[in-house]
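Going by my numbering, the first residue of the sequence shown is number -7, and it counts up by one from there.
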Amino acid sequence: GHRDFIKNMITGTSQADCAILIIAGGTGEFEAGISKDGQTREHALLAFTLGVRQLIVAVNKMDTTKWSEERFNEIVKETSNFIKKVGYNPKAVAFVPISGWHGDNMLEESE
-7 GHRDFIKNMI TGTSQADCAI LIIAGGTGEF EAGISKDGQT REHALLAFTL
43 GVRQLIVAVN KMDTTKWSEE RFNEIVKETS NFIKKVGYNP KAVAFVPISG
93 WHGDNMLEES E
């Protein structure tokens, strides 16, 4: 999400039972989002603070990494470490590789 929409994100999240955290899997994009001031961190922390205890993490743009399992696992590991510090149990969080551009794993399971 864009910083201009944080207020809307807070309003919606405060009423949610589950959150889907969309993470950009592209090189450099994930690192920016998970950085100290990154929006990935901010959104995960806000969701937990607002009482959302169920989390799904969708790793987007996996097509740009040629569906690299190594890259996906790297993102899962780093994100798991962070969300654990926030308060989530990473073992209870589903991590799903997706591509919004191609629609992979969004409505139907990819082959």
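Built from N, CA and C at the ideal position, the CB exists for glycine as well. Treat the numbers as computed from the prediction; the structure is a model and nothing was measured.
CB of residue i within 7 Å of CB of residue j, strictly
| i | j | result |
| --- | --- | --- |
| A36 | I14 | no |
| L115 | T5 | Outside the modelled stretch of the chain, which goes from -7 to 103, sits residue 115, for which no answer is possible. |
| T71 | G17 | no |
| A39 | G30 | no |
| G95 | N52 | no |
| T32 | I26 | yes |
Residues bridged to residue i (per DSSP)
| i | result |
| --- | --- |
| A86 | I48 |
| A11 | L47 |
| A16 | N52 |
| D96 | S91 |
Sequence-distant residues of its chain with Cβ nearer than 7 Å to residue i (five each side left out)
| i | result |
| --- | --- |
| V78 | A36, L37, F40 |
| V68 | F87 |
| P82 | S72, I75, K76 |
Per-residue DSSP class, three states only, for residue i
| i | result |
| --- | --- |
| S72 | helix |
| L37 | helix |
| E21 | helix |
| K77 | helix |
| E103 | coil |
Own chain partners of residue i with C-beta closer than 8 Å, once the 5 adjacent residues on each side are dropped
| i | result |
| --- | --- |
| V44 | T5, A8, D9, C10, A11 |
| V85 | L47, I48, V49, S72, I75 |
| D55 | S91, W93, H94, D96 |
Same chain, Cβ closer than 6 Å to residue i, five either side skipped, listed in chain order
| i | result |
| --- | --- |
| Y80 | L47 |
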